[in-house]
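Chemist: First the structure, which I've put down as structure tokens, then a few questions once you've had a look.
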């Protein structure tokens, strides 16, 4: 193979991979020097002159002229007699430059050079992808779906494969090959020996934030700031915003005239319901806003617990609104406020109730304290919770929670058809022994 053919093939590969001229020149020189070192043991006495545009390459072997029979290193030295064969004017201590051809290295060396070059190009391509998409983390990209799999969707963006895992998808979305897809770059994973894996997401809070920046100029300009976002992708989200200009209403800016701005975001997110609320440093007020559409009457905080808890009292007819379908409203409100929120209905002053401490003779103090910790300081407050909710919030064992609810119902002369007394091998056991 001629030198020009080898360099031309290198240049063609580089153009396909969008490698710039300077990088190409460095790679080719490194590959040629690797061939030289393998054949001669060192490359210090060689000079490489490359013109990638024309496919020209010169490999010059530079040696010092020494007296006959004084030759110590044939790689760096040449005897005077041999030098005069090249040019009669050479004298001792002169430098002789002789040109080598690629074919002098042999066919195997040329094939190895090609493989080395391709590997170097792949390494550079991987590094370029990693750098490019690391800079795009948190930004929206638009690509074409080219393959849907059971656990992921593959998207092509600028000839690079992006991966949308199932846990980063909106469950309502339907993906078809050839459709365009918007998502946010979540992370770039560097796998040893493989191409960097670019993970994109439509379920991440950052995706919603970028969409608001696109639709709301005040956010893009920094006048309105998104302080916090919590989501259950595809179902509901809460967004807390604040305005740095008192003349601008942050909630109104995000919603837009007749809801045109927020509707654009909702459509992109498969009709995910979005509650926009104004941020405030007053945590009592913020929790009230977070529980919208309910209008809490009071908020009582307990900062000593981990996580801290908030007891919220609402009107009886607003309890379901505060909790939301499947508990989604109270879960999102708890996340955005940073407090575990417990919702209770307002109990009229003339309604009969019993302080939870009255049951201390039937249940351990530890059980009573767990109830107080979640705001259940009365019997009616306990009955407002389902068994599942009581277990989740208090951490009580299910059997204890069922016996507790049964004991309270008995106290109020209410029937509990779902209660089955636990089997016991000790018929005379005290109630405290059961807890």
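In the numbering used here, the protein residues as written are 65 to 499. Using N, Cα and C, we set each Cβ at its ideal position, and we do this for glycine too.
Tell me which residue opens and which closes the beta strand (DSSP E) that residue 366 is part of.
Modeler: Here residue 366 corresponds to residue number 302 of the chain shown, with the count starting at 1. Unbroken beta strand (DSSP E) run through residue 366: 362-366.
Chemist: Are there 16 or more other CB atoms within 10 angstroms of the CB of residue 488, so buried, or fewer, so exposed?
Modeler: The residue given as residue 488 occupies position 424 in the chain shown. Residue placement at residue 488 is poorly supported in this model, since its pLDDT is 46, which falls under 50; the coordinates still yield a value, given next. Counting Cβ neighbours within 10 Å, residue 488 comes out exposed, since fewer than 16 surround it.
Chemist: Just verifying my parser: in three-state terms, what is the DSSP assignment at residue 374?
Modeler: Here residue 374 is taken as the residue at index 310 of the chain shown, counted from 1. Strand at residue 374.
Chemist: Less than 8 Å separating the beta-carbons of residue 380 and residue 409?
Modeler: On the chain shown, residue 380 is found 316 positions in, with the first residue counted as 1. On the chain shown, residue 409 is found 345 positions in, with the first residue counted as 1. A contact, by the Cβ cut-off of 8 Å.
Chemist: With C-beta atoms as the reference, is residue 406 less than 8 Å away from residue 438?
Modeler: Walking along the chain shown from the start, residue 406 turns up at place 342. Walking along the chain shown from the start, residue 438 turns up at place 374. Cβ atoms of residue 406 and residue 438: closer than 8 Å.
Chemist: Taking the straight line between their C-alpha atoms, what separation do you get for residue 255 and residue 190?
Modeler: Indexing the chain shown from 1 puts residue 255 at position 191. Indexing the chain shown from 1 puts residue 190 at position 126. Answer to the nearest angstrom: the Cα atoms are 10 Å apart.
Chemist: Taking 7 Å as the cut-off, is the beta-carbon of residue 194 closer than that to any non-hydrogen atom of the ligand ADP?
Modeler: Absence of the ligand ADP from the depicted structure is noted, as is the absence of any ligand whatsoever, leaving it without description.
Chemist: Checking the sheet assignment: what are the DSSP bridge partners for residue 341?
Modeler: Sequence index remark: in the chain shown, residue 341 carries index 277 (1-based). BP columns for residue 341 point to 304.
Chemist: Considering only the beta carbon of each residue, do residue 325 and residue 319 sit closer than 8 Å?
Modeler: By one-based count along the chain shown, residue 325 stands at place 261. By one-based count along the chain shown, residue 319 stands at place 255. Yes. Within cutoff.
Chemist: Compute the Euclidean distance between the alpha carbons of residue 285 and residue 307, then round it to the nearest angstrom.
Modeler: As a working mapping, residue 285 is identified with position 221 in the chain shown. As a working mapping, residue 307 is identified with position 243 in the chain shown. If you take the alpha carbons of residue 285 and residue 307, they lie about 11 Å apart.
Chemist: Could you compute how far the alpha carbon of residue 458 sits from the alpha carbon of residue 465?
Modeler: Looking up residue 458 in the chain shown gives position 394. Looking up residue 465 in the chain shown gives position 401. Near 9 Å, if we compare the C-alpha coordinates of residue 465 and residue 458.
Chemist: Determine the contact status of residue 392 and residue 299, defining contact as a CB-CB distance below 8 Å.
Modeler: Here residue 392 corresponds to residue number 328 of the chain shown, with the count starting at 1. Here residue 299 corresponds to residue number 235 of the chain shown, with the count starting at 1. The answer is yes: Cβ separation under 8 Å.
Chemist: Spatial neighbours of residue 208 within its chain, please: C-beta separation below 7 Å, excluding the five flanking residues on both sides.
Modeler: The count along the chain shown starts at 1 and reaches residue 208 at position 144. Contacts found: 219, 220, 242, 244.
Chemist: Under 8 Å: do the stretch 262-277 and the stretch 360-377 share three or more Cβ pairs, one atom per stretch?
Modeler: No, the stretch 262-277 is not in contact with the stretch 360-377.
Chemist: So, using beta-carbon positions, are residue 193 and residue 259 closer together than 8 Å?
Modeler: Looking up residue 193 in the chain shown gives position 129. Looking up residue 259 in the chain shown gives position 195. Their beta carbons are under 8 Å apart, which means residue 193 touches residue 259 by this criterion.
Chemist: Around the C-beta of residue 423, are 16 or more other C-beta atoms found within 10 angstroms, so that it is buried, or is it exposed?
Modeler: Indexing the chain shown from 1 puts residue 423 at position 359. It is buried - the Cβ of residue 423 has at least 16 other Cβ atoms within 10 Å.
Chemist: With 16 other CB atoms within 10 Å as the buried threshold, where does residue 170 fall?
Modeler: As a working note, residue 170 is residue 106 in the chain shown. Residue 170 should be labelled exposed.
Chemist: In the DSSP assignment, what residue or residues form a beta bridge with residue 244?
Modeler: Position 180 of the chain shown holds residue 244. DSSP lists 208 as partners of residue 244.
Chemist: According to DSSP, simplified to helix, strand and coil, what is residue 356?
Modeler: To locate residue 356, count along the chain shown from 1; it is residue 292. Looking at residue 356 - three-state DSSP - the assignment turns out to be coil, as it is neither helix nor strand.
Chemist: Provide the residue span of the alpha helix (DSSP H) that contains residue 213, from first to last.
Modeler: The residue given as residue 213 occupies position 149 in the chain shown. Where residue 213 is concerned, there is no enclosing alpha helix (DSSP H), given that its DSSP letter is neither H nor E.
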